[in-house]
Structure formats: C-alpha cells, structure tokens
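> There's a structure below that I have some questions on.
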Amino acid sequence: MLSFWEKNTFFSKIDVVIVGSGIVGLTAAINLKKYNPGLNVIVLERGFLPWGGSTKNAGFACFGSPSELLNDLQSHTEDEVKQLVEYRYKGLLELRSLLGDDNIGYEPLGNYEVFSDTDDELYAICANKLDYLNTLVKDIVGKDNVYLPADADIEKNGLGNTSHLILNTAEGQIDTGLMIKNLLGLAQSLGVFTLNGFLVDRIEDSSSGYYIVGDGGKVSFNASKVIIANNAFAARLFPDIDIKPARAQVLITQPVDGLILKGAFHADKGYYYFRNVGNRILFGGGRNLDFGAEETFSDGLTTIVQNRLDEMLKSIIAPYTNVVVDHRWSGFMAMGTKKSYILERRQPGLVLAVRCGGMGVAIGSLTGKQAAELIQEEF
Ligand SMILES: Cc1cc2nc3c(=O)[nH]c(=O)nc-3n(C[C@H](O)[C@H](O)[C@H](O)COP(=O)(O)OP(=O)(O)OC[C@H]3O[C@@H](n4cnc5c(N)ncnc54)[C@H](O)[C@@H]3O)c2cc1C
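Structure below.
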C-alpha cells in the first residue's frame, strides 16, 4: 500500500498520465510541458528502462522504398501515399530538430533496397517507375532524384547474391540508444516525472477524469487526462482497438575487421533489414517465415528465424569475411488491418497514440506531438 507521503508526493494533482515511455510517450510528454510548463505530467513505464520498440529497433530513419511505395499504390490513392511519405519525412525532421542530429547519432548514409537474382521481375517494375517515384516525393523531400539505381554499390559494400540496388539518397540511420537516452533526459529537464516498473492494469472513468490502476491492483490514483502510448500493448487495455503485436528479432555482430558495408539496406519487401553500426553489422527480420509465431506478446528468439538470419548474414551481407554474432534480441511492433497509425481522442481527456508499425523512428515524434496537441486543447 502507498504511504500518505508517497500518495501525496507522487500521485496527487496529476494533470496528465502518459502510459508508455517510448518515442511516442516521451515526445508527447515533452511537448505538453513545452505548451504548458505548469502541467503535472507523469509517464508510467512497465520496464526498468523503456521496454518497447523504441529501445529495440534497428534505427532506420526511412520514409519509403520503391517496392513499398509501389505496393502501397495498389491499395491507396496517390494522394494517400504522398500523405504517408510526407508524414514520415516530417516526422524525421521533427525528431532531428527536437534533439539535434548529434544527439540521435544521425548519419545520412542513404538506404538501399536490395534485389537478389530471384527478384528480377520486382526490380524491373521498380526501375521502370523510378522517374515516377522521384516526381512523387520531390516536393516532399525538396530534391530531385531521391531514388537512384546503384548497382555499382553492390561490390563497394561487399554484398553477395545481389543483382541490383536502388538507393534512397534522402534516408539515414540513427543511434537508437542515444535517441531514447536523450529523449528521457529532455523530458526530465522539463519536469516530466517518469515512473519505471509501473504496469498499468486498467483505466476507468472517474468523477475527476480517470482512475489509473496498476501494479497488479496495488496502486490506484486519479489523473485529469490520459495519453495511451504503449504501442501494441494498448490492445490489452482496450481490446476493441485494431492492433496486433508483431515481434521482430534482431542480431548484432562483433566488430568486423575490414567491414566495408556502410549505410542501411533492406531486402524482400522490407522483411529483412541490415546496416552497419560502426564496424558491426546489425541485422533483423524474418517475421514472414512464421507470421503466426511472431504475433505474440512474448519476448523470445526462434530457431527458424535465427537460422535464416545467420545464413543470410554469411551469404549476402558479409560473404567476404568471417562474422561472429555478438548478441541477439527481440522487440515488438504494433500492426493493424490498416497501415496508418492510430491518433484519436477516444473520449474527452483520453487520447490514443499507438500503432506506429515498423516506422516509429520516422513517425513516433510527430505522433507524440500531435497527441500532446489533442490533450492541450482540453486545458
Ligand atoms: C526489432 C525492431 C526493429 C525496428 N526497426 C525500426 C526502424 O529501423 N525504423 C523505424 O522507423 N521503426 C522501427 N521499428 C518500429 C519502432 O521501433 C516502433 O514503431 C516505435 O518504437 C514505437 O514507439 P512507441 O513509443 O509507440 O512504442 P514503444 O517504444 O513500444 O513504447 C511503448 C512503451 O509502453 C510500455 N508499456 C506497455 N504496456 C504498458 C503498461 N500497461 N503500463 C506501462 N507501460 C507499458 C512498454 O514497456 C514500452 O516501453 C522497429 C521495431 C522493432 C521491434
């Protein structure tokens, strides 16, 4: 049970509770304090660290590969696809300006789409549409020829089993750890209080706003308003939301002597992604090998995915040298029947900002900012 002191000091007169300390939750908190420094904002986080996609991701700062955009154009109008790209691009600019490039380790090294010899048909479609795609994104990115054929870079990066590359010249990569550490630091400097190890069990309506129940029912208190920013886990608080978890598995190698891979790459419609982290290789993906098994809330690694990653690491990514895996982990994304994120006022004083899919680095900070705007309107 909470003591009087604990109750009085930490859990009274709370203006806004934010559930989840990932990119979305922290940027929502930061923006709320910027709009209204007097607000008492607390962030509740189940992990001893932020324990979601925001600390587990691959750090790709991307807004759309050729095959992805062409695929999207089959189910969305051109205007809708432009809006998706614009939101991601603006989101990246937002993150970069919020923290500064040095504080997120931003490197504008470009992002390649990798085509193997079994992807000839897909490559031909993408190559034929490059002019069209360049026109589509030109005004958003503010430059010509964002997408370029880049077959010469296959050898430069030492790739095996690769027939073609297309380079997105306007994408980059970040240091995920640095980003989240600096988001936490900025939030703290603005007076946001983050409580770690606090699992929110449920949220109920109360006469003064919302009643937050957590820690297995042991702690409960009132807050005037709430932002839900716990990504896939929002489905546990509100089972009617269109969200499913999607686990993603990742590995990183030990430092590789003479590593020539530089930049970010993705293959097989984005189901595999790899990049250099200094002179290490980070490599993830393989969810498509068993979608059912990866639709889970459990941390973990599977043999089928890890074996495939090991095999591709040696045959495609660094066939010219011996690589040793240093570390493996998994994390969660939130997916739905639609690709778009969810940002909505579910009821007065309760905003959902969830389901950033595999694009949270790009869109998370803008989604958090917009969630803050929705709540701020109500004060
Ligand atoms: C392996 C992997 C690689 C990825 N690579 C990229 C990439 O390269 N580029 C890109 O743009 N995106 C990538 N993503 C996606 C991106 O990381 C996510 O979209 C983004 O981090 C989501 O941010 P968020 O703040 O919405 O959620 P999260 O970062 O998941 O934060 C939600 C937080 O809520 C907490 N929480 C959950 N339930 C509760 C509860 N009941 N009470 C209290 N706290 C709770 C969690 O512990 C977590 O810290 C990747 C994701 C993964 C898993």
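Heads up: the sequence shown is residues 54 to 432, going by our numbering.
Note that CB positions come from ideal geometry on N, CA and C, so glycine has one too.
1) Between the Cα of D254 and those of G270, Y263, Y324, L248, spot the shortest distance and give me the residue it belongs to.
2) Looking only at its chain, what residues have a beta carbon closer than 8 Å to the beta carbon of E121, apart from the 5 residues adjacent to it on each side?
3) Let me know the secondary structure DSSP gives I76 once reduced to three states.
4) Please go through the stretch 74–157 and give each complete beta strand (DSSP E) segment of 3 or more residues, from N-terminal end onward.
5) For G158, I'd like the list of residues in its chain whose CB is within less than 6 Å of its CB, leaving aside the five on either flank, ordered along the chain.
6) Within 8 Å, do at least three Cβ pairs link the stretch 54–72 to the stretch 199–214?
7) If I'm right that V94 touches K87 with Cβ under 8 Å, what's the distance once you round it to whole angstroms?
8) Secondary structure at T62, three-state DSSP: helix, strand or coil?
9) Ordered along the chain, which non-local residues of its own chain (more than five positions away) have a Cβ less than 8 Å from that of G267?
10) By the 10 Å Cβ neighbour count, where 16 or more other Cβ atoms means buried, how is V377 classified, buried or exposed?
11) Tell me which residue opens and which closes the alpha helix (DSSP H) that G338 is part of.
12) Just tell me which of T171, L212, G225, F168 has its CA closest to the CA of F113.
13) Mapping DSSP to helix, strand and coil, what is R408?
14) May I have a chain-ordered list of the alpha helix (DSSP H) segments no shorter than 4 residues that lie completely inside the stretch 309–375?
15) If you drop the 5 nearest sequence neighbours on each side, which residues of the same chain put their C-beta closer than 6 Å to that of P372?
16) On the three-state DSSP scale, how would you describe A287?
17) For A415, which residues of its own chain have a beta-carbon under 7 Å away from its beta-carbon, when the five flanking residues on both sides are left out?
18) Within this structure, are the beta carbons of Y176 and I233 separated by less than 9 Å?
19) So, is W104 buried or exposed, given that buried needs 16 or more other C-beta atoms within 10 angstroms?
20) Quick check: does the Cβ of N61 come within less than 8 Å of any heavy atom belonging to ligand 1?
21) Roughly how many angstroms lie between the CA atoms of T401 and L162, to the nearest whole one?
22) Starting from M386, trace the beta strand (DSSP E) in both directions and tell me its first and last residue.
23) Where do the ends of the alpha helix (DSSP H) carrying I193 lie?
24) Take S169 as the anchor and find which of L126, N187, N181, S216 has the nearest alpha-carbon.
Reading off the structure:
1) For this step, residue 254 is matched to residue 201 along the sequence shown. Of the listed residues, the one whose Cα sits closest to D254 is G270.
2) Position 68 of the sequence shown holds residue 121. Here the set comprises K322, G323.
3) Locating residue 76 in the sequence shown gives position 23, counting from the first residue. Looking at I76 - three-state DSSP - the assignment turns out to be helix.
4) 94–98
5) Here residue 158 is taken as the residue at index 105 of the sequence shown, counted from 1. Once the five neighbours on either side are set aside, the close Cβ partners of G158 are I227, D228, L231.
6) no
7) In the sequence shown, counting from the first residue as 1, residue 94 sits at position 41. In the sequence shown, counting from the first residue as 1, residue 87 sits at position 34. Contact doesn't hold; Cβ gap of about 11 Å is too wide.
8) Counting from 1 along the sequence shown, the entry for residue 62 is found at position 9. If DSSP states are grouped into helix, strand and coil, T62 belongs with the helices.
9) What you label residue 267 is simply residue 214 of the sequence shown in a count that begins at 1. Closer than 8 Å at the Cβ level, and outside the excluded window around G267, lie L97, F251, L252, V253, D254, S273.
10) To locate residue 377, count along the sequence shown from 1; it is residue 324. V377 is exposed by the Cβ-count criterion.
11) For the purposes of this step, residue 338 is identified with residue 285 of the sequence shown, where counting begins at 1. Not the alpha helix (DSSP H): G338 falls in the beta strand (DSSP E), residues 333–338.
12) The count along the sequence shown starts at 1 and reaches residue 113 at position 60. Among T171, L212, G225, F168, the Cα nearest to that of F113 belongs to G225.
13) Here the question's residue 408 lines up with position 355 in the sequence shown. R408 falls in the coil class under three-state DSSP.
14) 344–347, 356–365
15) As a first step, residue 372 must be located in the sequence shown, where it is residue number 319. Correct list, in chain order: G213.
16) Indexing the sequence shown from 1 puts residue 287 at position 234. It is helical.
17) To locate residue 415, count along the sequence shown from 1; it is residue 362. Excluding residues within five positions, the ones whose Cβ falls inside 7 Å are A114, C115, F116, R141, G144, L145.
18) In the sequence shown, the residue the question calls residue 176 occupies position 123. In the sequence shown, the residue the question calls residue 233 occupies position 180. No, the pair does not count as a contact, with Cβ atoms beyond the cut-off.
19) Here the question's residue 104 lines up with position 51 in the sequence shown. Looking at its Cβ environment, which holds 16 or more other Cβ atoms inside 10 Å, W104 is buried.
20) Numbered from its first residue, the sequence shown carries residue 61 at position 8. For ligand 1, not one heavy atom lies less than 8 Å from the Cβ of N61.
21) The residue labelled residue 401 in the question sits at position 348 within the sequence shown. The residue labelled residue 162 in the question sits at position 109 within the sequence shown. What sits at residue 401 in the sequence shown is Pro, not Thr. Cα to Cα, the separation comes out at about 43 Å.
22) In the sequence shown, residue 386 corresponds to position 333, counting from 1. Note, M386: beta strand (DSSP E), 378–388.
23) Taking the sequence shown and counting its residues from 1, the one referred to as residue 193 is at position 140. I193 -> alpha helix (DSSP H) spans 183–194.
24) Taking the first residue of the sequence shown as 1, we reach residue 169 at position 116. The candidate whose alpha carbon is nearest that of S169 is S216.
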